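Participant: In my numbering, the protein residues as written are 1 to 187. Input: one structure, supplied below.
Right, dumping it as structure tokens:
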């Protein structure tokens, strides 16, 4: 008596694979959403850092305007932050060390949200300095609600990437291909 082998389910890396919930095979939208999240968060960090990196005094003054950290520490943070933003943004755009760089990007956004909420609650009128400038402004010129909403959206991009770091067109996927579990043979 001959037995015919049962058809094998498609491998997760084939185009017709549906995969379980949360799969990142070609048939799912998750890698494309991840690409969008990676480019949005990474692009915003790159632009924000690039606009500030050439103006260290202005970046230091913007951080000092929050009146959260000691004056000298805030100045150092203001000077270092653009370099960190550029580095993390570049990693995200390239898709390299995606989970780690997304976690750092998300944590930055959460710190920015807390800092903006702090000055808003304390009645301090500043421009957030997120894209350069920064410092004291007229109370009618503050945009705290919009700034927080933007940073919440960016933090969500980071969260998506922490949970699902596999994205389209990333260096991560070129350097470390997705592992396919070995097929089990019935015993």
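Quick reminder that beta carbons are idealized off the backbone N, C-alpha and C, glycines included. Predicted, not measured: the structure shown is a model, and the values here were computed from it.
(1) Counting pairs of beta carbons, one from the region 43-58 and one from the region 69-82, are three or more of them closer than 8 Å?
(2) Hey, how far is the Cα of residue 113 from the Cα of residue 153?
(3) Let me know if residue 32 comes out buried or exposed under the rule of 16 or more other beta-carbons within 10 Å of its beta-carbon.
(4) Expressed to the nearest angstrom, what Euclidean distance is found between the alpha-carbon atoms of residue 124 and residue 169?
(5) Taking the alpha-carbon of residue 135 as reference, which of 142, 126, 141 and 60 has the nearest alpha-carbon?
(6) Pick out the complete alpha helix (DSSP H) segments inside the region 91-141, 4 residues or longer, and give them in chain order.
(7) So does the region 102-120 actually touch the region 137-149, counting three or more Cβ pairs closer than 8 Å?
(8) So, residue 34 versus residue 166, is the Cβ gap smaller than 8 Å?
(9) Let me know if residue 183 comes out buried or exposed under the rule of 16 or more other beta-carbons within 10 Å of its beta-carbon.
(10) Using only CA atoms, which one of 137, 69, 66 and 158 lies nearest to residue 109?
(11) Check this for me: beta carbons of residue 92 and residue 38, under 8 Å apart or not?
(12) With a cut-off of 8 Å, does the C-beta of residue 143 fall near any C-beta of chain C?
(13) So is residue 21 buried or exposed if we call it buried at 16+ other beta carbons inside 10 Å?
(14) How would you label residue 172, buried or exposed, when you count the other beta carbons within 10 angstroms and need 16 or more for buried?
Facilitator: Inspection of the coordinates gives the following:
(1) yes
(2) 11 Å
(3) exposed
(4) 43 Å
(5) 126
(6) 98-121
(7) yes
(8) yes
(9) exposed
(10) 158
(11) yes
(12) Among the chains of the structure shown, chain C does not appear; only one protein chain is present.
(13) Only weak support exists for where residue 21 lies, its pLDDT of 45 falling under 50; the value from the coordinates is given anyway. Exposed, because fewer than 16 other Cβ atoms sit within 10 Å of the Cβ of residue 21.
(14) buried
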